[in-house]
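K.L.:
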Amino acid sequence: QKNQLLKDTEILQESRERLYQIGRLAHETTETGEDTLIELKKQREQLSNVSTQLDGINDHVKRSRTILSAMSRRVITNKIILLFIILCLIGANIAVIYVRWIAPLTERSPTTPHPTTSPTLTPTTPPPTTSPTLAPTSLPP
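Whatever position you read off the sequence shown (first residue = 1), add 54 for our numbering.
Structure representation (structure tokens):
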């Protein structure tokens, strides 16, 4: 019976050690779980902050797109205006060239001197009139 009592005491001691180890393991598991929950809470807050920042960034991107599209429209409008001005200047140059050089060449007759040359001053006598009515007179160019 003494052996049985020693054996039972030994089994009881082993059971206590196992219970102690199980309690210690449970305590470590609880601490690990609490640490994990704290870390998850921090990460949730970080994700919430990131989400808020992304909303702000999206607002900035939308505003930037609006500004860029307005700038793009303005650039196109400026190019159209500039093209119109260039075409007007080309048209004005063509008109000046025509009036200055081409039109005098087409209007000039063999007896009429070129307007750029100095005409000789010769007195012109009006043709004799046969009636007292006024006749239209032509002026030299």
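Glycine is no exception: its CB is placed at the ideal position from the N, C-alpha and C atoms.
(1) When the Cα atoms are used, what is the spatial distance from leucine 101 to glutamine 107?
(2) With a threshold of 8 Å on Cβ separation, who are the neighbours of leucine 122 within its own chain once the five nearest residues in sequence on each side are excluded?
(3) Give the range of the alpha helix (DSSP H) segment to which valine 153 is assigned.
(4) Glutamine 67 by DSSP, collapsed to three states: which one?
(5) Check glutamine 55 in the structure and name its three-state DSSP category.
(6) Which value, in whole angstroms, describes the spacing of the CA atoms of threonine 90 and glutamate 82?
(7) Could you give the distance in angstroms between the alpha-carbon of leucine 159 and the alpha-carbon of leucine 141?
P.N.:
Inspection of the coordinates gives the following:
(1) Their backbone Cα atoms lie some 10 Å apart in a straight line.
(2) Cβ neighbours of leucine 122 beyond the five flanking positions: none.
(3) Unbroken run through valine 153: none, as it is neither H nor E.
(4) Residue state for glutamine 67 is assigned as helix, using DSSP reduced to three classes.
(5) Residue state, collapsed to three classes: coil.
(6) Approximately 12 Å, taken between the alpha carbons.
(7) The straight-line gap from Cα to Cα measures roughly 26 Å.
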